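Novice: Residue numbers (the numbering used here): 8 to 414.
Every residue gets a Cβ at the ideal spot worked out from N, C-alpha and C, and that includes glycine.
Here the structure is a predicted model, which means the values were calculated and not measured.
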């Protein structure tokens with residue numbers, strides 16, 4: 008294993024060119040947890056290669072790096088500890104590092120994916136919130152790295168260990184803690200860690216919750232071990248529930264909202280659109296359409312002008328576009344494109360970081376698959392979502408973090 012005592016001596020840095028005015032990337036899938044990049048301006052012509060500004064070993068895991076102003080935060084495993092590190096975004100200089108002992112016993116079924124962490128932290132109110140691979144919940148001071156509060160790992164955990172990323176709204180931070188058949192969707196006070204509410208109706212899945220306004224009610228919408236649910240943000244009350252399971256209970260999707268329609272998708276289950284409604288104080292869901300023509304496993308999709316763009320796991324990986332009003336599949340690419348991909352979009356430009364370390368740039372189209380450019384950005388597997396801020400692309404592979412710029 009890499010020696011982390013001399014870790015940061017391995018950094019290679021180039022002088023940085025000016026970058027496009029950039030948005031922060033504060034959580035899983037960006038500012039709104041939907042994979043949308045708002046500060047990127049596509050170049051008039053795409054370069055032959057991207058420019059690598061720096062590259063540094065940071066430890067293992069699948070957590071997306073967070074980009075806040077001139078800082079990058081990365082959550083990774085180094086030996087028997089889970090480590091939160093703050094870096095200078097321009098130079099990769101370490102600003103602080105906080106280590107939490109986190110000895111881990113590997114489930115043989117998860118050995119190919121290593122000891123995590125798999126959950127992306129969330130930045131809000133100058134705090135960082137993280138979920139360790141075994142379920143340790145921590146709040147950090149983002150300026151100094153000081154631990155503000157921490158909750159120990161519960162006695163049970165999901166079969167494939169934790170993967171959901173925390174959701175912050177107001178004074179609440181929401182985690183789904185626990186494991187199979189014994190979990191709780193839990194809202195903690197961001198300042199103190201005090202439990203504000205708990206919903207104990209099901210164990211966690213592997214996707215992350217979203218926050219939607221549906222029928223005038225602010226609610227946490229998430230997949231669980233055996234259901235798809237909407238829970239009141241204010242009280243934790245269950246509003247609606249739809250039975251939902253996937254093979255080996257591996258549901259890994261983040262819900263998508265299109266107008267007042269929720270998009271439901273998971274391995275082997277196709278894609279369904281439904282509308283949660285409240286009538287005379289009673290919640291129900293109304294199905295609008297369903298298709299089995301495409302299906303998603305571990306790759307989240309993006310919505311562009313009423314079209315869902317994603318990577319279906321069928322036929323060894325096919326990109327597709329689907330009309331969200333009708334459920335019609337508009338096109339599918341040739342098979343065997345990628346096993347998994349982390350997808351984001353900026354306007355009509357789509358970024359797909361495939362698990363083999365290739366970043367594919369794709370032009371949005373209702374008529375067919377239209378790749379513009381392909382860039383090798385890593386030499387080991389890239390399961391973490393990239394963080395895109397201006398013309399900067401931060402890529403986490405198996406054990407290192409790199410900054411690339413589109414010049």
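#1: For a quick check, are the C-beta atoms of residue 235 and residue 249 less than 7 Å apart?
#2: If you drop the 5 nearest sequence neighbours on each side, which residues of the same chain put their C-beta closer than 8 Å to that of residue 88?
#3: Under 7 Å, do residue 104 and residue 92 count as touching if we go by C-beta distance?
#4: Quick one: is residue 64 buried, meaning 16 or more other Cβ sit within 10 Å of its Cβ, or exposed?
#5: On a Cα-Cα basis, can you pick out the residue from 76, 94, 347, 68 that is closest to residue 111?
#6: Could you name the residues of the same chain whose beta carbon sits closer than 7 Å to that of residue 39, not counting the 5 residues immediately before and after it, in chain order?
#7: Taking the C-alpha atoms as reference points, what is the distance between residue 247 and residue 413?
#8: Please state the DSSP three-state secondary structure of residue 280.
#9: Does the separation of the CB atoms of residue 362 and residue 346 fall below 7 Å?
#10: Closest to residue 374 by C-alpha separation, out of 314, 399, 132, would be which residue?
#11: Using the three-state DSSP reduction, which class does residue 192 fall into: helix, strand or coil?
#12: In chain order, which beta strand (DSSP E) runs of at least 3 residues are fully inside the stretch 82 to 135?
#13: Could you give the residue range of the beta strand (DSSP E) that holds residue 259?
#14: Can you give me the Cβ contacts of residue 366 inside the same chain, cut-off strictly under 6 Å, excluding the 5 residues immediately before and after it?
#15: Measure the C-alpha to C-alpha separation of residue 215 and residue 60 and round it to an integer number of angstroms.
#16: Excluding the 5 residues preceding and the 5 following residue 252 in the sequence, name in chain order all residues of the same chain whose CB lies nearer than 6 Å to its CB.
#17: Within the same chain, show all residues whose beta-carbon is closer than 6 Å to that of residue 338, passing over the 5 residues directly before and after it, in chain order.
#18: So is residue 198 buried or exposed if we call it buried at 16+ other beta carbons inside 10 Å?
#19: Over what stretch of residues does the beta strand (DSSP E) that includes residue 171 continue unbroken?
#20: Between residue 300 and the rest of its own chain, which residues show a CB-CB distance below 6 Å, the 5 nearest in sequence each way excluded?
#21: Using a Cβ distance threshold of 8 Å, determine whether the stretch 155 to 164 contacts the stretch 184 to 201, with at least three qualifying pairs required.
#22: Determine the DSSP secondary structure at residue 57, reduced to helix, strand or coil.
#23: Which same chain residues end up closer than 6 Å to residue 370 when comparing Cβ atoms and leaving out the 5 residues on each side of it in sequence?
#24: What's the call for residue 48, buried or exposed, on a 16-neighbour Cβ count within 10 Å?
#25: Would residue 282 and residue 268 be called neighbours here (beta carbons separated by less than 7 Å)?
#26: Could you check what DSSP says for residue 24 in three-state terms: helix, strand or coil?
#27: Can the beta-carbon of residue 308 be found closer than 7 Å to that of residue 295?
#28: Are residue 258 and residue 273 close, meaning C-beta to C-beta below 7 Å?
#29: Identify, in the order they occur along the chain, each residue of the same chain with its Cβ nearer than 6 Å to the Cβ of residue 411, setting aside the five sequence neighbours on each side.
#30: Can you tell me whether DSSP reads residue 322 as helix, strand or coil?
#31: Starting from residue 232 and walking both ways along the beta strand (DSSP E), at which residues does that stretch end?
#32: With 16 other CB atoms within 10 Å as the buried threshold, where does residue 291 fall?
#33: If we count Cβ pairs, one from each stretch, closer than 8 Å, do we get three or more for the stretch 167 to 175 versus the stretch 199 to 207?
#34: Who does residue 357 pair with in a DSSP beta bridge?
#35: State yes or no: is the C-beta of residue 96 within less than 7 Å of the C-beta of residue 82?
#36: Return helix, strand or coil for residue 202, following the three-state DSSP convention.
Specialist: Looking at the coordinates:
#1: Yes.
#2: Around residue 88, the same chain offers 106, 107, 108, 109 as residues with beta carbons nearer than 8 Å, after the five sequence neighbours per side are excluded.
#3: It is a contact, given that the beta carbons lie within the stated cut-off.
#4: It counts as buried.
#5: By alpha-carbon distance to residue 111, the top candidate from 76, 94, 347, 68 is 68.
#6: Contacts found: none.
#7: Spanning the two alpha carbons is a distance of roughly 44 Å.
#8: Residue 280 falls in the strand class under three-state DSSP.
#9: Going by C-beta atoms, residue 362 is nearer than 7 Å to residue 346.
#10: For residue 374, the closest alpha carbon among the candidates 314, 399, 132 is that of 314.
#11: The answer is strand: DSSP assigns residue 192 an E or B state.
#12: Along the stretch 82 to 135, the beta strand (DSSP E) occurs as fully enclosed runs of 3 or more residues at 88 to 95, 101 to 108, 129 to 131, listed in sequence order.
#13: Here residue 259 belongs to no beta strand (DSSP E), and DSSP marks it neither H nor E.
#14: When the five nearest sequence neighbours on each side are left out, the beta carbons in the same chain lying within less than 6 Å of the beta carbon of residue 366 are those of 360, 382, 384, in order along the chain.
#15: Using only the alpha carbons, I get a separation of about 31 Å.
#16: Here the set comprises 233.
#17: Once the five neighbours on either side are set aside, the close Cβ partners of residue 338 are 328, 375.
#18: Burial call: exposed.
#19: Run containing residue 171: none; DSSP gives neither H nor E here.
#20: 336.
#21: Yes, the stretch 155 to 164 touches the stretch 184 to 201.
#22: Correct three-state label for residue 57: coil.
#23: Contacts found: 377, 379.
#24: Around the beta carbon of residue 48, fewer than 16 other beta carbons lie within 10 angstroms, which makes this residue exposed.
#25: In contact: residue 282 and residue 268 (Cβ atoms closer than 7 Å).
#26: No answer about residue 24 holds up, because its pLDDT of 35 lies below 50 and its placement is not dependable.
#27: Cβ atoms of residue 308 and residue 295: not closer than 7 Å.
#28: In this structure, residue 273 lies closer than 7 Å to residue 258 by Cβ.
#29: Take residue 411, set aside five residues on each side of it, and the residues of its chain with a beta-carbon closer than 6 Å to its own are 57, 59, 384, 400, in chain order.
#30: Here residue 322 sits in helix by DSSP.
#31: Neither: residue 232 is in no beta strand (DSSP E) and is coded neither H nor E.
#32: It is exposed - the Cβ of residue 291 has fewer than 16 other Cβ atoms within 10 Å.
#33: No, the stretch 167 to 175 is not in contact with the stretch 199 to 207.
#34: DSSP lists 352, 369 as partners of residue 357.
#35: Not in contact: residue 96 and residue 82 (Cβ atoms no closer than 7 Å).
#36: Note: residue 202 maps to strand in three-state DSSP.
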